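Read through the structure below, which is laid out as structure tokens, and then see the notes.
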């Protein structure tokens with residue numbers, strides 16, 4: 021591996037999960053690509069049109085977004101740290117920068133649990 025790649029890889033290894041997610045979004049926009057793995061359609065049955073209600077029922081991956089930290093920022097920072105395992109600085113930056121995505125790709129149960137915990141701390145949260 022070339023030395024310049026080695027430097028880049030070592031820097032990427034030091035990123036938090038939230039920072040890595042942000043980097044992926046920036047790269048997707050900058051280069052007009054998607055990080056979603058391609059799906060082979062060879063031999064796949066033709067997709068049937070489904071109503072929006074059916075699509076919502078099939079959703080298995082949810083995103084928890086902090087829309088407002090409210091008056092109890094310290095409590096919200098503690099709650100963010102508890103549900104994400106972020107460090108203090110990353111959690112504070114996330115809360116200060118609201119609206120921000122707290123966590124992506126979580127189950128419905130986990131998303132509702134996170135929402136309840138954050139709202140108990142005083143935050144306003146939406147689950148997408």
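In the numbering used here, the protein residues as written are 21 to 148.
Even glycine gets a Cβ: it sits at the ideal position worked out from N, Cα and C.
Computed from a predicted structure; not experimentally measured.
Through-space distance from residue j to residue i, alpha-carbon basis
i	j	result
residue 176	residue 45	Since the displayed the chain opens at 21 and closes at 148, residue 176 lies outside it and no answer follows.
residue 129	residue 28	37 Å
residue 53	residue 43	13 Å
residue 93	residue 143	8 Å
residue 99	residue 22	42 Å
residue 30	residue 101	25 Å
residue 32	residue 140	34 Å
Which residues DSSP lists as bridging residue i, in chain order
i	result
residue 86	120 and 145
residue 126	82
Environment of residue i [buried if 16+ CB atoms lie within 10 Å]
i	result
residue 25	exposed
residue 40	exposed
residue 106	buried
residue 89	buried
Whole-angstrom C-beta distance between residue j and residue i, which should lie under 8 Å
i	j	result
residue 87	residue 118	6 Å
residue 85	residue 148	6 Å
residue 96	residue 138	7 Å
Cβ-based neighbour list, residue i, same chain, cut-off 7 Å, excluding 5 preceding and 5 following
i	result
residue 110	36 and 38
residue 91	142
residue 55	44 and 48
Cβ shell of residue i (< 8 Å), same chain only, five flanking positions each side left out
i	result
residue 122	84, 85, 86, 100, 103, 104, 114, 134, 138 and 145
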